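**Student:** Residue numbers (our numbering): 2 to 83.
Quick reminder that beta carbons are idealized off the backbone N, C-alpha and C, glycines included.
The model shown is predicted, which means the values in this text are computed figures rather than measured ones.
Now the structure itself:
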């Protein structure tokens, strides 16, 4: 089964722009986190998505993916930045 790439390529300022109308997996949201961490600390991001800094580390290392509520919060932050 071939899976369509859901995120556009990185922009020059390394922020990720999400394409509208496509399905995005929790792994795609964890791939978007490094761009968010350029403007905020792990603690701030953890507070925004109702998590903790250790869990953010797990998302970054791909040991864990965000749950549905965390994905919604990450999407909200990305939408505000774009």
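Are the beta-carbon atoms of residue 71 and residue 51 separated by less than 9 Å?
**Tutor:** Closer than 9 Å, so yes.
**Student:** Output yes or no for whether 9 Å exceeds the beta carbon distance between residue 46 and residue 38.
**Tutor:** Yes, the pair counts as a contact, with Cβ atoms nearer than the cut-off.
**Student:** Return helix, strand or coil for residue 60, following the three-state DSSP convention.
**Tutor:** Correct three-state label for residue 60: helix.
**Student:** Taking only three categories from DSSP, how would you classify residue 40?
**Tutor:** Coil.
**Student:** With burial defined as no fewer than 16 other Cβ atoms inside 10 Å of the residue's Cβ, what is the status of residue 35: buried or exposed?
**Tutor:** Looking at its Cβ environment, which holds fewer than 16 other Cβ atoms inside 10 Å, residue 35 is exposed.
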